[in-house]
Structures are given as structure tokens and as C-alpha cells.
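First the structure, in the form of C-alpha cells, and then the observations on it.
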Amino acid sequence: MKNELEYHKFKGLFLYCNKCDNYIHQKQKGKKCSHPIEKQVYKAIIRTGNGYERKFKTLDARDFAGAVKETLDFEDKVKNPHLYQQSNNPKQSPYLEDTIRMYIDHMHDEEVPHHKKSYLSKSYIESTRTFLKEFKSFIVNSGADFHTYKLSLINDSVVGKFSAYLENKDISNYTFNGHIKAMRIFFNYLIKNKGYNIKNVWKEVKLKSERATNVSISAKDFYDLLSIIGPDDAIAKTGKTKRNMYRPWLKDLIRLKAYTGRRNAELFAMRWNMIHFEEGMPVYIESPNIKVNKQQNNFDEKDYQFVYIPIGEELLDLLMDLNLLENVDSNDHIIAPDSKNRDDMEKQTSKYFTFFFNKLNRNYSRQLKHLRKTYITSEDLYLNSGFSMQHGNYKITDKFYVDKNVIATKMALNGFRIFPVNNKKGTLVGHSDNKKGVTSL
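Position in the sequence shown counted from 1, then plus 926, gives you the working numbering.
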């Protein structure tokens, strides 16, 4: 039984896996696709002749010969657009399967003008794909042929039955809302971007109430968690599958998350040369705000927006543990500098955290993201800001007047902490005195 579509090297033609979001047969060391053949598609990528601009197309063919023909046809259209400008409104497919495929290409910014690209994260695209796949399962389980199922069939009756179908799965309110929001955004794309004359029937579904997400992690939970992370008893079992959830860098990553409050992508991108010093003391980390820069299409470093993270007592302790003195101005990553596949590390870290937290046997759950909320809560309490002596609206002061690297420096020098110190006996005490260790810088 074949586990891969037939492929031979052909200019502009590529084999792609929708599951792992990777091109197969490209020379990417260590990246192998083991997903079923149903997840694979042929893609054509053609240069337009205008600088580095390229056009992308997911092909319909399921055999190599058909894919070559579609690639050549697509290349002809790209290279000779004037011959194909019969209408500004291309023919709209009435089928749900085609529009889902088109929408997924759009989320990958394929054939999207540069100024309209979204640069969506892989995790967002994958979660949306999962939600759309669930709707497909619902359609198939209802007895319909998904390949010939038309968009026009999705009416209030179908939406109501799908809502009941989700509720019967006993999923959380967050997950229910995620499904509905994904379908809303999908239909909104078809209506606004592709001109489909359909009603967004998903807008009338009432979303379920969600608990406040401002959950923080206590000092006891934090220190207890760090104490149990290790290679012993670290195997997660799912059916017949066993997986080692321990990584040597996991404790350091969790501490860095707690002491900086930054998003996972930024933590794995942090380098030693982002640390700024004053009079030999490390005072703050200047880190690019990856989320904001993506949203604003800032890909030139001179246009970056940065966050300034004060190096408080706990963060200084961590940096010293990771050999700050030997890494001053180094371009190495702070976390796991020898690891190459950082996207995969970022994707899996939350699962590792949850696995070990569950071992604490609390009657509640906590996630890695809650450390960011914990940090922001502590920061807010420490600064006690939110008002301005100069402006009625603090946002004006914050955006145009506050020098955040100065604030970060003062926070560091004044002993900013997230948690009380945990001494060897497990008792929470005052503060640490590790700043003495960096006076030689």
C-alpha cells in the first residue's frame, strides 16, 4: 500500500502534507512525513517574473501526470495573465470541499497580495483546520457525500443540528465557541473576499459563556511543579503510544516564562545579546514583540516593536544558572542553544507543562499560558499604574510618553519579583541576593 503520492522532480511542482505543514522531498534534515496519503496534495509554485513574487496553487490532481499538466496550465496563466483576463470575477465553486481548500490556501497567504497577507501562525491554521474537519465529519455522518455537498445546503437547520452535535460531544464552552467562530470567519471570508452571495448563518448561533481567563499560578504551585520535573516517571501513555514528556531545558523554559511573561515564540527566540547592561549590571532584555510585528507586517528590524523586560531578582538567578557571565553578547539562544527545531519545541512545550502539573494532583488545572497572566498581574501590582497625572486617558501617556526601557531598568534595580523566594526547607521567604554575582561584568 502506497503511503505517498507519486513524485518526480519537476520545475514548479511540489508534494505537500496538509497535516504537518511541510513540503515533502525538500532537503530539510530531520523532517520526515509519516502521515497518510490522504493528507498529501500536489502544489504548484510559479515565479511571476516580478522580483521574488510567486503564485501558489493547490492542485486537484491525485496522480503525477495530472499534476504536471495542471502545473503547466497554471504556469501559462501566471506568465500570460492578459490571455486569461476574461472576467474580474472568477467562477465560484458551489461545493463546500472546494471552498474549504481555497480558504486553507488563503490562511497560508497563497495568492494573497503582499499588503493583505495575515502571516497566521501554524497553530492557528491547524486549529482552524481541525474545526473545519469536525464539520466535515458531521456532514459525512449525516449521510451526505462531502465531495458533492454544496454551500447552499448550509442553512439554519444544518447549523442547529451541528450545534446539537457539538453539545452532545460534551466539549468545553471554549471548544464549542471555537468551532462556531471558525465557521463564522470561514463564511465571512467567502462573502467579503470571494463575493459569495450567501448568508452567514453562523452569526446567529449564541456563544456559550466562558469563565474569565485571568488565572494566575501561586508560588506554591510554581515551586512544587519545578520540584517534580525530571526524567523519572515522565512517560505519557495514549492508547498504545508512549511518549517521553521530559526535556532537559523544560525547567529553564518554565522559569523564563514566569520571570519574563513573554509568549512562547519569543522565549525560544531570546538570545544572550538581547540583554542590556548599566554599569556592569544586566538590567533588561530587549525582545522583539513577535505577535505585534507579524500583525503590522514588520519584517525589517528597523521597524520592529520591542518589549523591555526588567531583569528582576528571579530572572537574574536564572540567567546566572545558565552561565550569563560566559555568554555576554553571545548570539546563542538562551534556552536550549544547541537545539535546531525550535518551532516543534515551541509547539510541544505546553503539553509538557500540563503533563507535569497534572502530577501534582491538584483539584484544578493550570496551563503554561497562565504564567504570562501571573507575570502581568505581578507587574501591575508592582507598578500600580493605570492613571496619569498628565492625561485623562492613560493609553495616550503609555503610547507616546512612557519610556519603557527606563521603567524596566528601575524595576530591575528595585528588586522586582514574581514569587517570594523558596528556601531549601520549602518556606517562602523575602528576597535573594544574587546580584553580587555579576559585579565583575
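We put the beta carbon where it would ideally sit given N, CA and C, even for glycine.
The structure presented is a predicted model; accordingly, all values stated were derived computationally and were not measured.
Residue range of the unbroken beta strand (DSSP E) whose run includes residue i
| i | result |
| --- | --- |
| residue 950 | 948–950 |
| residue 1213 | 1207–1214 |
| residue 1288 | No beta strand (DSSP E) holds residue 1288; DSSP gives it neither H nor E. |
| residue 1055 | Looking at the DSSP string, residue 1055 is not in any beta strand (DSSP E); the run it does join, the alpha helix (DSSP H), is 1048–1067. |
| residue 1455 | No answer is possible for residue 1455: it lies beyond the span of the chain, which begins at 927 and ends at 1367. |
| residue 983 | 980–984 |
| residue 1162 | 1161–1164 |
| residue 941 | 939–943 |
| residue 997 | Careful: residue 997 lies outside any beta strand (DSSP E), inside the alpha helix (DSSP H) at 990–1005. |
Check whether residue i and residue j have beta carbons under 9 Å apart
| i | j | result |
| --- | --- | --- |
| residue 1065 | residue 1022 | yes |
| residue 1124 | residue 1112 | no |
| residue 1109 | residue 1148 | no |
| residue 1269 | residue 1048 | yes |
| residue 969 | residue 982 | yes |
| residue 1120 | residue 1018 | yes |
| residue 1213 | residue 1194 | no |
| residue 1303 | residue 1293 | no |
| residue 1290 | residue 1344 | no |
Distance between beta carbons of residue j and residue i, contact taken as under 8 Å
| i | j | result |
| --- | --- | --- |
| residue 923 | residue 1161 | Examination of residue 923 is not possible in this model, given that the chain is present from 927 through 1367 alone. |
| residue 972 | residue 1001 | 5 Å |
| residue 1199 | residue 1247 | Wrong, their Cβ atoms sit about 19 Å apart, outside the cutoff. |
| residue 1155 | residue 1176 | 6 Å |
| residue 1369 | residue 1275 | This structure cannot settle anything about residue 1369, because the visible part of the chain is limited to 927 through 1367. |
| residue 945 | residue 961 | 4 Å |
| residue 1061 | residue 1102 | The Cβ separation is near 13 Å, so there is no contact. |
| residue 1116 | residue 1054 | Wrong, their Cβ atoms sit about 14 Å apart, outside the cutoff. |
Best match in the options for proximity to residue i [C-alpha to C-alpha]
| i | options | result |
| --- | --- | --- |
| residue 1142 | 1299, 1072 and 1186 | 1299 |
| residue 1006 | 974, 1186, 1060 and 982 | 974 |
| residue 984 | 1127, 1150 and 941 | 941 |
| residue 1209 | 1243, 1107, 1335 and 1159 | 1335 |
| residue 1260 | 1272, 1271, 1251 and 1245 | 1245 |
| residue 1249 | 1297, 1204, 1277 and 1178 | 1178 |
| residue 1389 | 1340, 1218, 1258 and 1230 | The requested residue 1389 does not occur in the structure, where the chain is confined to residues 927 to 1367. |
| residue 1046 | 1033, 1100, 1062 and 1218 | 1033 |
| residue 1131 | 1301, 1020 and 1082 | 1082 |
| residue 1285 | 1251, 1153 and 1042 | 1153 |
| residue 916 | 1342, 1150, 1166 and 1220 | Not covered by the structure: residue 916. The range shown for the chain is 927 to 1367. |
Buried or exposed by the 16-neighbour rule on C-beta atoms within 10 Å, applied to residue i
| i | result |
| --- | --- |
| residue 1315 | Residue placement at residue 1315 is flagged as unreliable, the pLDDT there being 38, under the threshold of 50; the coordinate-derived value follows with that caveat. With fewer than 16 other Cβ atoms within 10 Å, it is exposed. |
| residue 1039 | exposed |
| residue 939 | buried |
| residue 1074 | exposed |
| residue 1235 | buried |
| residue 1093 | exposed |
| residue 1338 | buried |
| residue 1240 | buried |
| residue 1188 | buried |
| residue 1100 | exposed |
| residue 951 | exposed |
| residue 1328 | Residue placement at residue 1328 cannot be trusted, given a pLDDT of 49 that sits under 50; the coordinates are not used to answer. |
Run of the alpha helix (DSSP H) containing residue i, from where it starts to where it stops
| i | result |
| --- | --- |
| residue 1088 | 1082–1094 |
| residue 1274 | 1268–1284 |
| residue 1177 | 1176–1186 |
| residue 1102 | 1099–1118 |
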